[in-house]
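**Q** For the sequence shown, position 147 (counting from the first letter as 1) is numbered 212 according to the working numbering, and the numbering increases by one without interruption.
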Amino acid sequence: MKQLVIATKNAGKVEEFRTMFANYNIEVKSLLDFEQPIGDIVEDGDSFEENAIIKAEAIAEKFQIPVAADDSGLEIDALGGAPGIYSARYAGEDKNDQKNLEKVLHELKSTPAEERTARFVCAVAVARPGLSTFVKRGTCEGTIAEAPRGNEGFGYDPIFIPLHSNRTMAEHSSTEKNSISHRKQAILKIEEWIQEHF
């Protein structure tokens with residue numbers, strides 16, 4: 066079985082990738098699987114794509130192995146696209162999911178339902194030592210709920226209602242979520258590339 070390292074320490078994200086790549090007979094490892102501690106990589110790009118490439122290329126260069134990295138977040142139209150690439154640290158540098166949710170809901174408290182449109186965005190980059198990096202974007206359109214609901218998922222899942230659903234992403238099973246998520250859409254776009262190169 067071939068291996069691909071996912072450049073993340075987020076256990077929830079790793080599980081999503083592991084489930085999706087299992088279809089391609091690819092074993093997924095994460096930065097949590099390395100004995101050698103790996104410090105945070107400075108993501109100073111101006112887009113999801115740039116940040117995904119920065120992460121993938123840094124780890125691929127360090128370990129000389131194929132690496133996939135994603136940068137993902139939530140774009141809310143009424144907030145001018147915020148939190149965007151700052152989604153993980155929207156309420157502060159400590160990456161607190163609960164505080165992030167509370168900040169978004171506070172900023173939208175006077176925004177009517179029809180104007181609470183949003184989307185999850187994910188850019189996935191695949192880097193290989195000495196070769197060009199491949200990157201694709203996936204999105205999942207939806208709206209922002211008025212209050213958190215559900216116990217599945219992570220991040221902004223409890224307040225994001227996907228299009229054609231009345232449940233938040235956190236009220237969907239992991240199987241349901243993986244079939245419609247922004248990460249899934251990005252991976253589908255690189256499916257042909259994965260089959261050819263792996």
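Note that beta-carbon positions come from the ideal geometry of N, C-alpha and C, so glycine has one too.
Going by beta carbon distance, what residues of the same chain come within less than 6 Å of residue 84, once the five residues before and after it are set aside?
**A** The residues are 243.
**Q** Which full runs of the beta strand (DSSP E) of 3+ residues lie inside the region 70 to 142, going along the chain?
**A** The region 70 to 142 contains these whole beta strand (DSSP E) runs: 91 to 95, 132 to 141.
**Q** Which runs of the beta strand (DSSP E) fall wholly inside the region 148 to 191 and span at least 3 residues, in chain order?
**A** DSSP runs (the beta strand (DSSP E)) wholly in the region 148 to 191: none.
**Q** Determine which residues share a DSSP beta bridge with residue 203 and list them.
**A** Partner(s): 187.
**Q** For the structure I just gave you, are there three or more beta carbon pairs, one from the region 115 to 122 and one from the region 184 to 201, closer than 8 Å?
**A** Segments in contact, yes.
**Q** May I ask you to report which of helix, strand or coil DSSP gives residue 240?
**A** Helix, per DSSP.
**Q** If you follow the alpha helix (DSSP H) that residue 252 is part of, which residue opens it and which one closes it?
**A** Counting along the chain, the alpha helix (DSSP H) containing residue 252 begins and ends at 247 to 254.
**Q** With distance defined between alpha-carbon atoms, name the residue in 168, 250, 154, 143 nearest to residue 186.
**A** It is 250.
**Q** Can you tell me whether residue 87 is buried or exposed, with buried defined as 16 or more other CB within 10 angstroms of its CB?
**A** Under this definition residue 87 is an exposed residue.
**Q** Mark residue 189 as exposed unless 16 or more other C-beta atoms lie within 10 angstroms of its C-beta, in which case mark it buried.
**A** So residue 189 counts as buried.
**Q** Please confirm whether residue 203 and residue 235 have their CB atoms less than 8 Å apart.
**A** Contact: no.
**Q** Is the Cβ-Cβ distance between residue 192 and residue 147 less than 8 Å?
**A** Cβ distance not < 8 Å, so residue 192 and residue 147 don't count as in contact.
**Q** Please report the residue range of the beta strand (DSSP E) in which residue 227 lies.
**A** Segment 225 to 227, the beta strand (DSSP E) holding residue 227.
**Q** Do three or more CB pairs link the region 165 to 184 to the region 139 to 155 at distances below 8 Å?
**A** These segments touch.
**Q** Pull up the distance between the alpha-carbon of residue 182 and that of residue 112, whole angstroms please.
**A** Between residue 182 and residue 112, the C-alpha separation is close to 20 Å.
**Q** Please classify residue 102: is it buried, with 16 or more other beta-carbons within 10 angstroms of its beta-carbon, or exposed?
**A** Label assigned to residue 102: exposed.
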